[in-house]
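So for the sequence shown, UniProt numbering puts the first residue at 1; every next one is plus one.
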Amino acid sequence: MAQSGYKDADRYPFHTVAPLMKSFYLSNFAHMDYFSRLLSLLETERKEDRETWRRLTHENPVSERRANGMSWYPIAIKGTEIGRGDYITIEIERTTHTDTVHQFRSGMPASLFSQHDPETDRLDGIITWLSGNTLKLSLSVDELPRWTREGKLGVDLLFDENSYDEMRSALQQASKRLDHREDGTLIRILTKTGEVSPAAPLPPFQFTGLNPAQAAAAQAALEAKELAILHGPPGTGKTITLVALLKAAFSGHLRAGEQVLVVAPSNAAVDLLSERLSVAGLKVVRIGNPARVAEKQLNLTLDYQMSAHPQMKQIKALRRQASEYRNLAHKYKRSFGKAERDQRKALFDEAGKIMKEVMATENYIAGDILERAQVITATLVGAANTTLNNRSFAMVVMDEAGQALEPAAWIPVLKTRKLIMAGDHHQLSPTVKSADAANGGLSETLLQKMAAALPQQVFLLSMQYRMHQLIMEFPSRQFYNGHLVAAPAVATRTLPDDQLPLSFVDTAGCGYEEKREGTGICNPEEADFLMLHLRQLVDQIRSKFPGNQLPDIGIISPYRLQVEILQDKLEEQGPEFYPRSLVTANTIDSFQGQERDIIYISLARSNTEGTIGFLADVRRMNVAVTRAKKKLVIIGDSATLSQYPFYSDFIHFAGESGAHESAWTYLYD
């Protein structure tokens, strides 16, 4: 190992050392600038997010907060137990509005409050467990105040400073590792100031169930030394490929005892991979709580596996004993003498000693379970869990990397020297609330940056198993250099007797002008036309399909206000129109990762200025278009849309394909 810089300079001529020193300092400054900029953008985003949260919570009554999923009210305290640090944890049950969708998740900060005096009567804590309409809230008090026994209790979510703190910490740690010869290699590659090493060829793996493109991508990812990107366009089997890759890795590629950390931005993606990897026979431990409360998910969690550990009986007995000591101590009233005070202190001290033993045993159990795992799974921020402190991994696999906010992505990256990213940078990017932060580059992901900087590390999954080839063709040309291929099973799959798997219905000249309501955009007349078109299609479908085999239908619009109008119009059709479970209307963002037999897209924009707003983010349209399996109907005004190259190209493609229709055809048919 090299000695200090001064000794190196004494040993080597200055003209030899100077360029090396210059390169070293330029590299370091580039890194510092890189992370300083990200830290600044992250702080801008934190401020905007915090202000948005403040407006939604402090300025709204509890009924509105509850409707927005940010409050549970009313609630009942079902029980208390001693938690970590001698503080209490309360179990809370939502007693009404139990079907209201909420944003509560394990690990989030929350506040117990009394509606009698919600400004004063509050206790802040952390949600440590959540299942259905029950959660556990860990508080920083050893005794509940009187107001908690007077009813009208609720729980508010608090702004999650912790996630921002973890992201900031990761960026700071990454910046500090610049001098590390080995630990800094991946960081330098990801910040474009280091070079990737040549791949290390391995004997070909036998990937059961993968097509040639998937197998080649999985092989290349295993052979890569520091970085590989699995580019998975819609319907190309990204999850299947990742599972096969990891199964192969543990069949001989990794050394005994080496582990893999699998992460994703969303709980749903982590749940899916956790389940698939477990079914494939790998030993999986899921950090955090799954989004879906299903037994097959819960069984994989660290908490569940700890509860099934043989030593947990001893833990429960110790907790009961500590609780008894604390209950005895609390029986002493305020007016007591020295002897009683000493006895009270002794009881609390004894309870504290027991809880220290509990914590030590729990830490041992958690470590024992994690040590036996092959794969540990978590969300990006969940990878900062204290149980993973000082634990390194042979590789980190990051799914949905195209939606991973970069500061969050650095949390798991710091735990490895090899990163495999999987995703599609031509679909939606992560949500950034601050326009300044987004414009400054926070909406750009590591996946985007690396795909552009290191195309030789990108391995495309080219065969898709979702769309008819005509639906696939335009996005393939626009986003994937024409490399997508439709699998034979789906290439010509249509609805019965349907000659138009793709249709652009042009409303130009119909007078369907967009309307602005507040900050929202809608086009009620276009929505009316969509329902007319849908009713005609439903009539045809009913004559072709048995009642129990009807295709499912998705109706998409980029604009929330247009979606609400479409949802209202669906409700107006009545239950006899079409089974409500088979037809849904929502935004593009809500449909990412989903598919339907039939997709309608209402573009809504129609104006004389040719303004299309965020339709100009063509990645949104890529997501919308690629949800369809057998039929895609896009409704829009060519006069407004065609001023933008992407839409002009699409309209031209529709014309070439015999898929460009006028709305007048349906109005006066």
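All C-beta atoms, glycine included, are put in the ideal place defined by N, C-alpha and C.
- Contact check for I420 against E362 fails: the beta carbons are separated by 9 Å or more.
- Between the segment 596 to 607 and the segment 462 to 470, the count of C-beta pairs closer than 8 Å stays below three; the two stretches do not touch.
- Assigned with DSSP and collapsed to three states, E517 falls in strand.
- Residue burial is scored here from C-beta neighbours: E143 has fewer than 16 other C-beta atoms within 10 angstroms and is therefore classed as exposed.
- Its chain contains V381 as the residues whose beta carbon lies nearer than 7 Å to that of S163, once the 5 sequence neighbours on both sides are disregarded; these appear in chain order.
- E48 sits in a helix when the DSSP states are folded into three classes.
- Annotation: R542 to E45 spans about 50 Å, alpha carbon to alpha carbon.
- The C-alpha of M70 lies about 8 Å from the C-alpha of L158.
- Between T134 and I92 the beta-carbon gap is near 7 Å, inside 8 Å, which marks them as a contact.
- Taking one beta carbon from each stretch, the segment 227 to 235 and the segment 251 to 268 have fewer than 3 pairs nearer than 8 Å; the two do not touch.
- Bridge partners of K631 according to DSSP: I598.
- With the rule of 3 Cβ pairs closer than 8 Å, the segment 473 to 491 does not count as touching the segment 445 to 456.
- Rounded to whole angstroms, M108 and L222 show a C-alpha spacing of 36 Å.
- With fewer than 16 neighbouring CB atoms inside 10 Å of its own CB, T611 falls in the exposed class.
- For H533, the enclosing alpha helix (DSSP H) has its first and last residue at 524 to 544.
- Residues of the same chain with a CB within less than 6 Å of the CB of L632, apart from the 5 flanking positions on each side, are I471, L502, I599 in chain order.
- Between L202 and H253, the gap from beta carbon to beta carbon is short of 9 Å.
- A direct Cα-to-Cα measurement between T95 and F393 gives close to 43 Å.
- DSSP, read as helix, strand or coil, puts L550 in coil.
- It is roughly 18 Å from the alpha-carbon of T416 to the alpha-carbon of A220.
- Looking from the CA of T494, the closest CA among T387, T386, K629 belongs to K629.
- When the Cα atoms are used, E564 and Q403 turn out to be separated by approximately 25 Å.
- The beta carbons of I634 and F504 sit about 5 Å from each other, so the pair counts as a contact at 8 Å.
- For S71, the enclosing beta strand (DSSP E) has its first and last residue at 71 to 82.
- Per the coordinates, the alpha-carbon of H425 lies some 17 Å from the alpha-carbon of F614.
- A contact between stretches requires three or more CB pairs, one per stretch, nearer than 8 Å, and the segment 123 to 131 meets this requirement with the segment 139 to 156.
- If the five residues before and after H97 are omitted, its C-beta is found closer than 7 Å to the C-beta atoms of R66, all from its own chain and listed in chain order.
- If one requires a minimum length of 4 residues, the alpha helix (DSSP H) runs lying completely within the segment 220 to 256 are 238 to 248, in chain order.
- Taking 9 Å as the cut-off, the Cβ atoms of N607 and E517 do not count as close.
- For the segment 290 to 355, the full-length alpha helix (DSSP H) segments reaching 4 residues or more read 295 to 298, 302 to 307, 312 to 330 along the chain.
- Distance check between R372 and each of A378, P430, N327, L302 places L302 closest, using alpha-carbon atoms only.
- Rounded to whole angstroms, L130 and N289 show a C-alpha spacing of 7 Å.
- Here Q592 is buried. Its C-beta has 16 or more other C-beta atoms within 10 Å.
- The C-alpha of Y512 lies about 34 Å from the C-alpha of T52.
- The criterion of a C-beta distance shorter than 9 Å is not satisfied by Q311 and D271.
- With contacts defined by Cβ atoms closer than 9 Å, Q562 and N523 form a contacting pair.
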